[in-house]
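J.: I'd like to ask you about the structure that follows.
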Amino acid sequence: MQISKNSAVEFHYTLSEAGEQLETSTGSEPLTYIHGLEGMLPCLETAIEGKAAGDSFSVTLTPSESYGERVDDLIQRIPLKHLQGDTKVWKPGMTAMVNSNQGRHQVTIVKVGRFNADCDLNHPFAGKTLTFDVQVLSVREATSEEVSHGHVHSEGGCGHNH
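Per full-length UniProt numbering, the sequence shown starts with residue 1, numbered consecutively.
Laid out in C-alpha cells, this is it:
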C-alpha cells in the first residue's frame with residue numbers, strides 16, 4: 001500500500017545537518033502519524049507521499065521548508081511552572097515544551113531565575129538545512145476514529161476520550 005491521505009504511517013528517521021546527526025528514532029520507538037492531517041513538516045510529508053513499507057529515502061530541507069530562519073532576540077521570560085520536560089531543574093541550553101495560544105512550542109532555556117526562565121522561542125533547528133533519512137516501516141488505512149482524533153492509536157486504544 002502506498003502512502004496517501006489518511007494512511008497510518010510508522011517510520012524511523014535520522015535527522016542531520018551537514019553530515020552531523022542531530023537526532024534519530026532508530027533504536028527506540030518509531031514515529032507514527034496520519035498522512036494528510038498536517039501532523040508533519042509539509043515538505044517532509046510531500047516527500048513521503050507515495051512511498052510504501054520497506055522504502056527508504058533521504059530529503060534535504062532548507063530552513064524555509066522546515067523550521068524557518070532564526071530570528072535574533074526572540075527571547076521571552078516564561079514562568080518555570082509553564083515549562084514542560086523531563087527535568088525538575090532547568091539549566092541553560094536545555095529545551096522545554098511550552099503551551100501557548102498557537103499550540104505547543106519547543107523553546108531553549110537561555111537563563112534561569114528563581115521563578116522564571118528567559119527562553120529562546122526559535123525552534124532549536126531554525127536556520128538549519130536539514131537532511132531526513134527515512135525508513136518506512138508500515139502503512140495501513142487509518143481507522144475513522146484515528147482520523148477524527150488526528151493520531152494513530154496503539155493496540156490498546158488511545159488512552160483519552162473525545
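Quick reminder that beta carbons are idealized off the backbone N, C-alpha and C, glycines included.
This structure is a prediction, so every number in the text was calculated from the model and none was measured.
I'd like to check one pair, Val152 with Leu32: are the Cβ atoms closer than 8 Å?
T.: As a first step, residue 32 is located in the sequence shown; it is residue number 32 there, counting from the start. As a first step, residue 152 is located in the sequence shown; it is residue number 152 there, counting from the start. The identity of residue 32 in the sequence shown is Thr, whereas the question assumes Leu. Yes, Cβ-Cβ distance for Thr32 and Val152 is below 8 Å.
J.: Here's the rule I'm using: 16 or more other beta-carbon atoms within 10 Å means buried, otherwise exposed. How should Ser4 be labelled?
T.: As a first step, residue 4 must be located in the sequence shown, where it is residue number 4. Flag for Ser4 reads exposed.
J.: By DSSP, does Asn161 sit in helix, in strand, or in coil?
T.: As a first step, residue 161 is located in the sequence shown; it is residue number 161 there, counting from the start. Annotation note: pLDDT 48 at Asn161 (below 50); position unreliable, coordinate value reported separately. Three-state DSSP puts Asn161 in coil, outside helix and strand.
J.: With distances taken Cα to Cα, identify the nearest neighbour of Thr26 among Gly36, Leu37 and Thr14.
T.: Locating residue 26 in the sequence shown gives position 26, counting from the first residue. Residue Thr14 is the option with its Cα nearest to Thr26.
J.: Between Glu17, Ser16, Glu20 and Lys51, which has its C-alpha nearest Val9's C-alpha?
T.: The residue labelled residue 9 in the question sits at position 9 within the sequence shown. The option with the nearest alpha carbon to Val9 is Lys51.
J.: So Ser16 and Glu141 are in contact, right, with Cβ under 8 Å, and what is the actual spacing, rounded?
T.: Translated into positions along the sequence shown, residue 16 becomes position 16. Translated into positions along the sequence shown, residue 141 becomes position 141. About 32 Å separates the two Cβ atoms, so there is no contact after all.
J.: Across which residues does DSSP place Glu20 in a beta bridge pair?
T.: Here residue 20 is taken as the residue at index 20 of the sequence shown, counted from 1. According to DSSP, which records beta bridges pairwise, Glu20 is partnered with Glu17.
J.: The beta strand (DSSP E) spanning Ser138 covers which residue range?
T.: Taking the first residue of the sequence shown as 1, we reach residue 138 at position 138. Note, Ser138: beta strand (DSSP E), Leu130 to Glu141.
J.: Where do the N-terminal and C-terminal ends of the alpha helix (DSSP H) with Leu44 fall, by residue?
T.: If you number the sequence shown from 1, residue 44 lands on position 44. Counting along the chain, the alpha helix (DSSP H) containing Leu44 begins and ends at Pro42 to Ile48.
J.: Looking at Asn122: is its Cβ nearer than 8 Å to the Cβ of Val71?
T.: Position 122 of the sequence shown, counted from the first residue, corresponds to residue 122. Position 71 of the sequence shown, counted from the first residue, corresponds to residue 71. Yes, the Cβ-Cβ distance between Asn122 and Val71 is below 8 Å.
J.: Rounded to the nearest angstrom, what separates Ala18 and Ala126 at their Cα positions?
T.: Against the sequence shown, residue 18 aligns to sequence position 18. Against the sequence shown, residue 126 aligns to sequence position 126. Roughly 14 Å between the two C-alpha positions.
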